[in-house]
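Reading through the structure tokens given below for one structure.
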Amino acid sequence: MDKFRHQIITTKNGKLKTPFFMPDATRALVKFLSNDDLEKAGVVPMVVNTYHLFLQPTMETIKKAGGVHKFMNYHKPLLSDSGGYQVFSLIHKNPQMGRITDNEVVFRSPASGEKHTITPEKSIQIQFDLGVDMLVCFDDPPPNNYSKERISSAVERTISWAKRCLIEYNKQIKKRKLTAKTRPLIFAVVQGGKYVDLRKRCVEGLIDVGREVGRDWDGYGFGARHIDEKGVFMDKILKATADFIPEKSLRFALGVGTPEDIIKCYKLGWDMFDCVIPTREGRHGRLFISNKQFEFPISNSQFPNKFKNPNSKNQKLFYEIVNIRNGKFKNDFGPVDKNCDCELCQNYTRAYLNHLFRLGDPLGMRLASIHNLKFYMRLMEELQEL
RNA sequence: GCAGGAUUAACUCAAUUGGUAGAGUGUCUGACUGUAAAUCAGAAAGCUAGAGGUUCGAGCCCUCUAUCCUGUU
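Its first residue numbered 116, the first sequence is counted upward by one per residue in the numbering used here.
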């Protein structure tokens, strides 16, 4: 067993210890939650999205506000996703929504139908205008079931776009007179689907880009989904990709994931995570419940046994999920999770939350989101102490 | 009392000239992995108020009964 990775990274809005989890505040908010709620849930860094904020409220407003931190009055580290994933998923689901060329992506706003163009350069400019602490290259994320040939060409496009992103990044640093302390960290994204050789090619290509442009990437992201069609975690490709990435660089597992997948990724050398699961599942009435005393078993040298095969049917997960909408909770007057100290578990019963969900009242979604985030944050604390 | 109208799933209502019933809501259960997601999917659920009749065949037509609504003495 390798040593567990822990790094302290410094951003202009504070230091972060890895591993850490970032909730998705896609449109500059975690749905239903105030900054106060986030603080109490233990949330620190979050992810906002270039694509969504570009469309609404538009960069004009964000710039006038003085950046996204001021706009949302959140003064902890923020990472912006490039919007690549959103634009591509939009177009892959419905080709009429846009067109992808080597030079640019043209797409229609699903809300207004308005036509927009995004280039790698433009994505980086927007992310500088957002004023985030960490930003991500505009990449080409194909669905995993595309042919190897198509994924290979997505890898090449991702590499060539990464170069354009990095050149633009340097330009922006110069133009805005940013220093080592005030500049945002920049992450490249590794594509290659389920093919180890393509993942390798992509990382090597990205490293070359850094060399050519004269700046090392601060980190590398794992692009595309990390689970197969059946939802099974793709151990091999996550391990191989992590191993290709330089030791000292940050490894960002984009979109990961379930608690057990985060643990697996951490074990394989990934440092950063973001996912919609805790908040979306919360809004849909699914609550993460810790087993027993919420003791993620810790040992010094060995990775905890309970974390080894969380998906194995013989082995009980260290948590369970309840669907609070289920009829059996109608008259259950116990707390959602008796080992949790969040606002929900300290003040309300399962029956009451069930009632809120049956009413469709936003209070239920808020309390459930807070609880699930707290669960994730407690998990990350445990991992940070390994 | 009389005259009209109604009675179909738990609720609100559909069902072309008579061809053995559908939807929305609710209920039950799933799903959600760089958020087009307070979303999506599936299931259960009806002796069509009751009793007769006409017909090859009735939720639809006829008779009676019950309950309700609206008028009117």
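Glycine is no exception: its CB is placed at the ideal position from the N, C-alpha and C atoms.
Just the Cα atoms here: how many angstroms apart are residue i and residue j?
i	j	result
residue 126	residue 267	34 Å
residue 349	residue 475	36 Å
residue 291	residue 444	56 Å
residue 238	residue 251	9 Å
residue 341	residue 181	36 Å
residue 422	residue 470	With a pLDDT of 47 at residue 422, under the threshold of 50, the modelled position of that residue is not reliable, and no figure is offered here.
residue 468	residue 479	6 Å
residue 361	residue 141	29 Å
residue 218	residue 324	17 Å
residue 486	residue 452	9 Å
residue 281	residue 304	12 Å
residue 473	residue 378	33 Å
residue 130	residue 124	6 Å
residue 374	residue 477	25 Å
residue 329	residue 294	16 Å
residue 157	residue 138	11 Å
residue 402	residue 327	48 Å
residue 364	residue 259	25 Å
residue 441	residue 466	10 Å
residue 192	residue 184	9 Å
residue 227	residue 207	19 Å
residue 311	residue 459	44 Å
residue 270	residue 216	14 Å
residue 178	residue 169	11 Å
residue 103	residue 199	This structure does not reach residue 103, given that the chain is present from 116 up to 501, and the question cannot be answered.
residue 355	residue 308	12 Å
residue 314	residue 263	12 Å
List the residues that DSSP assigns as beta-bridge partners of residue i.
i	result
residue 231	222
residue 435	404
residue 164	196
residue 215	220
Start and end of the alpha helix (DSSP H) containing residue i?
i	result
residue 196	Run containing residue 196: none in the alpha helix (DSSP H); it sits in the beta strand (DSSP E), 193-196.
residue 492	477-499
residue 286	263-290
residue 148	First-last for residue 148: undefined, no H or E at that position.
residue 176	174-180
residue 466	465-474
residue 376	374-383
residue 460	458-462
residue 185	183-187
Within a Cβ cutoff of 7 Å, which residues of the same chain sit near residue i, ignoring the five residues on either side of it in sequence?
i	result
residue 279	235 and 236
residue 230	221 and 223
residue 119	501
residue 274	317, 320, 321 and 324
In its own chain, which residues sit with a C-beta less than 6 Å from the C-beta of residue i, not counting the 5 before and 5 after it?
i	result
residue 420	Only weak support exists for where residue 420 lies, its pLDDT of 47 falling under 50; the coordinates are left without a value.
residue 464	448
residue 189	150
residue 284	239 and 301
residue 297	127
residue 498	134 and 381
residue 435	404
residue 338	254, 256, 304, 305 and 306
residue 287	243
residue 415	Note that residue 415 scores a pLDDT of 34, beneath 50, so its modelled location is shaky; the value from the coordinates is reported in the next line. Hits under 6 Å: none found.
residue 331	325
residue 152	485
residue 457	485, 486 and 489
With respect to the beta strand (DSSP E) encompassing residue i, which residues constitute its N-terminal and C-terminal limits?
i	result
residue 249	249-251
residue 136	135-138
residue 124	123-126
residue 120	Residue 120 -> no beta strand (DSSP E), and no H or E assigned at all.
residue 130	129-132
residue 368	365-368
residue 388	387-390
Tell me whether residue i counts as near the ligand MG, meaning its Cβ is closer than 7 Å to at least one heavy atom of that ligand.
i	result
residue 336	The ligand MG is absent from the structure shown, which contains no ligands of any kind.
Report all residues from its chain with a CB closer than 8 Å to the CB of residue i; omit the five preceding and five following residues, and keep chain order.
i	result
residue 146	394, 398, 480 and 484
residue 372	341, 342, 348, 380, 388, 390 and 392
residue 242	165, 195, 197, 250, 251 and 299
residue 494	136, 374, 377, 378 and 411
residue 351	311
residue 353	337, 341, 368, 379, 380, 383 and 385
residue 213	202, 205, 206, 220, 221, 222 and 223
Considering only residues of the region 292-354, which uninterrupted beta strand (DSSP E) runs meet the minimum length of 3 residues and lie entirely inside it, listed in chain order? Considered as a whole, the region 292-354 harbours 300-305 and 334-337 as its complete beta strand (DSSP E) runs of no fewer than 3 residues, in chain order.
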